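>
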Amino acid sequence: MSRLKETAAVYETRPLPEGKITFEEFLAWCDEDTWAEWVDGEVVVLTPAARKHQRIYKFLLFLLEAYVSKHSLGEVLSAPFLVRLPEMLRRGREPDILYVSNEKLPFLKETYMDGPPDLIVEITSPESLARDRGEKYVEYEAAGVKEYWLIDPDRRQAEFYRLAEEGHYRTIHPNEEGIYRSEVIPGFWLQVNWLWQDPLPSVIDCLKELGLI
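Residue numbers for the sequence shown follow UniProt numbering, so the first one is 1 and each next one is one higher.
(1) For the alpha helix (DSSP H) holding I120, just list the boundary residues, first then last.
(2) Of all the options E110, E87, R156 and E122, which has the alpha carbon lying nearest to the alpha carbon of I97?
(3) Give the straight-line distance between the Cα atoms of S125 and L46, rounded to the nearest whole angstrom.
(4) Can you name, in chain order, every residue of its own chain whose Cβ lies under 7 Å from the Cβ of G211, other than the five neighbours on each side?
(5) When the cut-off is 8 Å and only beta carbons count, does R133 lie next to chain C?
(6) Could you name each continuous beta strand (DSSP E) segment of 3 residues or more that falls completely within the stretch 135-169, going from the start of the chain to the end?
(7) On the DSSP letters alone, give me the boundaries of the beta strand (DSSP E) that E87 sits inside.
(8) Helix, strand or coil for A36? Go by DSSP, reduced to three states.
(9) Since G74 contacts L27 with CB under 8 Å, what's their CB separation in whole angstroms?
(10) Along the chain, where does the beta strand (DSSP E) that runs through S101 open and close?
(11) Considering only C-alpha positions, which residue in the set F188, W196 and W194 is nearest to E65?
(12) What is the residue span of the alpha helix (DSSP H) that residue 232 lies within?
(13) Quick check on DSSP: helix, strand or coil for I213?
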C-alpha cells in the first residue's frame, strides 16, 4: 500500500478532532504512524513525501546517524517524531530530521522532544515550501534551534541558517569547494553537491570521505 493510501486509511478510521485541542490531547490522538502537527490547538495533517524527497531524507539521515553515533555526540531522530516548541509558540512540529546533543537528551520524551533540538533539517516539497521557509523559520528561530537546514530538491538549493548571539538566524554559505561545516555537530561537514547527484552517492563512500571508515 502506498504512503498516500496508508495515510488516507488512518483518517478514515480515526477522524480528525473537532475544534481546538491541547497538546496532551493531540498526543493521545496521534500515534507513531501519524504524520501531523499541532498548530495553535489545531491538527494539521502532513502531505506524504515524494520519491525525490524520500531519497535525500534517507541519505542525510543515514549519514548523520552514522557520524553522531560514531562520535557519541547525542541522538538523531526522524519523522514521525514531534518537537514541542516553547509554550508561547503553541506548536508541535514534526521535522524531517532532528539532532539532539548529549546535553539536551534529558528533554527527549517517549514520543516527542520537549523543547528545541540543536539542529532541524526540513526537506521541502511544493506543498511545504512556504511553510518551511516562512512559519517554521520564524518558529525555530524564536524557539532557539541553533541550526536550521532547508533542503529544496526541486530547485537543487540548500540553505543553512545558524542562530547568532542576538537570537536571529544568519545565513551560512558553503565554502568555495561547496562544503558546509556544521557548528552544532563538531567536525561534521557536507559536500552540498552530494544531494543533487542522480543516483545519490553511496553513504559508505561519503562516510569514508568523512573519515569514519
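Glycine is no exception: its CB is placed at the ideal position from the N, C-alpha and C atoms. Note that the structure is predicted; figures quoted are calculated from it, not measured.
On the basis of the coordinates in this document:
(1) For I120, no alpha helix (DSSP H) encloses it; the enclosing beta strand (DSSP E) starts and ends at L119 to I123.
(2) Comparing Cα positions, the closest option is E122.
(3) Near 11 Å, if we compare the C-alpha coordinates of L46 and S125.
(4) Same-chain partners within the cutoff: there are none.
(5) You won't find chain C in this structure, because it holds only one protein chain.
(6) List check, beta strand (DSSP E) in window: 147-152 and 157-163.
(7) Where E87 is concerned, there is no enclosing beta strand (DSSP E), given that its DSSP letter is neither H nor E.
(8) The answer is strand: DSSP assigns A36 an E or B state.
(9) Under the criterion of beta carbons closer than 8 Å, G74 and L27 do not qualify as touching, at roughly 23 Å.
(10) Residues I97 to S101.
(11) The closest CA to that of E65, considering only F188, W196 and W194, is found on F188.
(12) Because the chain is modelled from 1 through 213, residue 232 falls outside the range shown and cannot be assessed.
(13) Coil at I213, not helix or strand.
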